[in-house]
Amino acid sequence: MAVSGFEGFEKRLELHFSGDNPLGLRYLSIDDLQQVLDAVQCSIVSAAGNRSFDAYVLSESSLFLYPHKIILKTCGTTQLLRSIPSLLHHAADLGLRLRSCRYSRGRFIFPAAQPFPHTSFPDEVRFLDARLPATLRFRKASVMPSATSAHSWHVYSAADDEFSVLPPSGSTIEVCMTELDRSLARRFHRRKGDDRSGDEAGAEMTELTEIGGINPRALVCGFAFDPCGYSMNGLDRDRYSTIHVTPEDGHSYASFECVGGGEMMELDCLRKAVHVFRPGAVSVCTAAAAGGDEGGVWSAVANALEPLGLSCRNQAAEDFPGAGTVTYQTFTARRK
Amino acid sequence: MGHGLSAPAAFAAEEVDSPVLAIHSKNAWNDHWKSHKDSSKLMVIDFTASWCGPCRSIAPAIKAMAVKYTDVVFVKIDVDELSEVAQQWKVQTMPAFVLVKGGSEVGRVVGAKKDELDKKIAQLRA
């Protein structure tokens, strides 16, 4: 295991707004957007949009902009939380009011390499508490444990109403995979002397690894980084999906995230996505409207992954203001 | 969606003196299509929408390509203004660049992929 390497585990921020402007956040100019990303220390690599949302592949992960919702997911040593002041400022200019905020992440492989405020979860919580408006008066921070100390799920949420008045935006499913199968991870390295653009090489990776088959209906924007690494955003009607791969041996990592519509189609996507990487360890988190059936979610996720040789090691569920019920499960491969 | 809301100022301004021809009516499109089929030039149809941030992000690069490739015709179509044309070319995700020669599609780039588009144009313009 390397002393330090590229940190695959992402930090994820989701903000919900309300306002009269039907375009909402999509009205942000590219300059304003780049200013937000400058604070985080990442840049736009590729982008696409449809009637429902805009999707940006960033130098270190992804950004999804809906009229009243923004999801920003960044990896490495990016300072994700520093985007908040600038985002809130621009949103206010657009006449938008912040309703809820959810920040989550797994456990860093290289925690000592993280800059402030990502130096510890308490530091992150203090930073968030200080920068979110007082109108978001319901707040909660929790570390959801697993069977091993190597994995845990950190969640912070703040909302202006204990029971979310926002329309249910479906459930989201976030998957973090480590100890990727080596030969599969090698597919995410660029060949020496390949001078094609990152988009072209990315499109080839999407096809060769069958990532394109996870949701055949989605338009996939894949990007291959040099010398290795891959990111993709998928657009399917109003639903995004995203995959990020850090293929280096010793600290390999891949993430998959998508939105569910309630028909459980996303479980099929979950199974296919995990199959692409054959990881040694997987964590699956879902977030859905409160009052749902977490037992049903645990079984459904376990049923999707057990055929791939993955055994569930723990399951947890907790309610968070404005974020609904968050479930967390970890799996490990049953090695021969 | 989008009607009655003007696009951000920066986007509207770059239409003035641009080598990218903005088509605003079905008649103008039909006329343009006829003249394209009679020529041997490569045409790049840039499908955009005023509410699409990625379209705005790549606009300066498209303008630069239009200046660079003088033997290629660049045309811009707003999918709300000419929704029939957008549907005909099966455009749902934007920006979408459809490359046409002699009346047939010879290439397509979906998304703000500057390098990929530039390469495809360079390859197909001959």
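From first to last, the protein sequence lines stand for chains H and L. Using this note's numbering, read the first sequence as starting at 1 and increasing by one per residue. Using this note's numbering, read the second sequence as starting at 1001 and increasing by one per residue. Even for Gly, the Cβ is constructed at its ideal location relative to N, Cα and C. These figures come from a predicted structure and were not determined experimentally.
Helix, strand or coil at residue i according to DSSP, with G and I counted as helix
i                       : result
residue 1011 of chain L : Low confidence applies here, because residue 1011 of chain L scores a pLDDT of 45, under 50, leaving its location unreliable; read the following figure in that light. It is helical.
residue 289 of chain H  : coil
residue 1111 of chain L : coil
residue 81 of chain H   : helix
residue 1120 of chain L : helix
residue 61 of chain H   : strand
residue 356 of chain H  : Summary: the structure shown does not reach residue 356 of chain H, with chain H confined to residues 1 through 336, and so no result is reported for it.
residue 1005 of chain L : Reliability of the predicted coordinates at residue 1005 of chain L is poor, the pLDDT of 46 falling under 50, and the value obtained from them is presented with this limitation in mind. Correct three-state label for residue 1005 of chain L: coil.
residue 22 of chain H   : coil
residue 997 of chain L  : The requested residue 997 of chain L does not occur in the structure, where chain L is confined to residues 1001 to 1126.
residue 1058 of chain L : helix
residue 152 of chain H  : strand
residue 56 of chain H   : strand
residue 142 of chain H  : strand
residue 7 of chain H    : coil
residue 384 of chain H  : A query on residue 384 of chain H cannot be resolved here, the shown segment of chain H reaching from 1 to 336 and no further.
Interface partners of residue i on chain L, CB under 8 Å
i                     : result
residue 26 of chain H : 1051, 1052 and 1053
residue 20 of chain H : The premise fails here: residue 20 of chain H is roughly 11 Å from chain L at the closest Cβ pair, so nothing lies under 8 Å.
Under 8 Å from the C-beta of residue i: neighbouring residues of chain H
i                       : result
residue 1093 of chain L : 48, 49, 50, 219 and 235
Residue nearest to residue i in terms of C-alpha spacing, selected from the options
i                       : options                           : result
residue 244 of chain H  : H/316, H/234 and H/82             : H/234
residue 51 of chain H   : H/237, H/319 and H/251            : H/237
residue 984 of chain L  : L/1063, L/1088 and L/1083         : Chain L is shown only over 1001 to 1126; residue 984 of chain L falls outside these bounds and no answer can be derived.
residue 215 of chain H  : H/146, H/276 and H/328            : H/276
residue 1100 of chain L : L/1050, L/1123, L/1019 and L/1051 : L/1123
residue 269 of chain H  : H/280, H/281, H/256 and H/279     : H/256
residue 226 of chain H  : H/190, H/251, H/200 and H/196     : H/190
residue 25 of chain H   : H/301, H/97 and H/150             : H/97
residue 1088 of chain L : L/1045, L/1019 and L/1054         : L/1045
residue 146 of chain H  : H/135, H/129, H/161 and H/107     : H/107
residue 1126 of chain L : L/1106, L/1114 and L/1116         : L/1106
residue 133 of chain H  : H/150, H/148 and H/99             : H/99
residue 229 of chain H  : H/34, H/127 and H/206             : H/206
residue 1041 of chain L : L/1025, L/1070 and L/1051         : L/1070
Amino acids of chain L, ordered along the chain, whose beta-carbon sits closer than 9 Å to that of residue i
i                     : result
residue 60 of chain H : Chain L residues near residue 60 of chain H: none, gap ~18 Å exceeds 9 Å.
residue 94 of chain H : Correct list: empty, because the minimum Cβ distance to chain L is about 11 Å.
residue 98 of chain H : Within 9 Å Cβ-Cβ: nothing; residue 98 of chain H doesn't reach chain L, min ~20 Å.
Beta-bridge pairing of residue i - partner residues as DSSP gives them
i                       : result
residue 329 of chain H  : H/284 and H/315
residue 102 of chain H  : H/14 and H/157
residue 424 of chain H  : Within the shown structure, residues of chain H are numbered from 1 to 336, placing residue 424 of chain H beyond reach of any answer.
residue 1101 of chain L : L/1104
residue 189 of chain H  : H/228
residue 97 of chain H   : H/18
Under 7 Å between C-beta atoms of residue i and residue j
i                      : j                      : result
residue 337 of chain H : residue 78 of chain H  : Chain H is shown only over 1 to 336; residue 337 of chain H falls outside these bounds and no answer can be derived.
residue 321 of chain H : residue 121 of chain H : no
residue 155 of chain H : residue 142 of chain H : yes
residue 221 of chain H : residue 57 of chain H  : yes
residue 59 of chain H  : residue 45 of chain H  : yes
residue 294 of chain H : residue 327 of chain H : yes
residue 131 of chain H : residue 84 of chain H  : yes
residue 187 of chain H : residue 208 of chain H : yes
residue 251 of chain H : residue 19 of chain H  : no
residue 355 of chain H : residue 300 of chain H : For residue 355 of chain H there is no data in the structure shown, the boundaries of chain H being 1 and 336.
residue 157 of chain H : residue 102 of chain H : yes
residue 292 of chain H : residue 325 of chain H : yes
residue 253 of chain H : residue 242 of chain H : no
residue 171 of chain H : residue 260 of chain H : yes
Chain-ordered chain H contacts of residue i [CB-CB under 7 Å]
i                       : result
residue 1113 of chain L : 46 and 199
residue 1026 of chain L : In chain order: nothing, as chain H lies at least about 21 Å away.
residue 1119 of chain L : 197
residue 1116 of chain L : 197, 199 and 200
Neighbour list for residue i in chain H, Cβ cutoff strictly below 9 Å
i                       : result
residue 1081 of chain L : The contacting residues do not exist; residue 1081 of chain L stays about 15 Å from chain H at best.
residue 1110 of chain L : 48, 219 and 221
Residue i beta carbon near the ligand SAM (any heavy atom closer than 6 Å)
i                       : result
residue 1126 of chain L : Looking for the ligand SAM in the displayed structure turns up nothing, as the structure carries no ligands at all.
Neighbour list for residue i in chain L, Cβ cutoff strictly below 7 Å
i                      : result
residue 54 of chain H  : 1052, 1053 and 1054
residue 305 of chain H : Simply none; closest approach about 30 Å.
Practice task
Could you name the residues of the stretch 1035 to 1056 of chain L whose beta carbon sits closer than 8 Å to any beta carbon of chain B, in the order they occur along the chain?
Solution key: No chain B is part of this structure, whose protein chains are labelled H and L.
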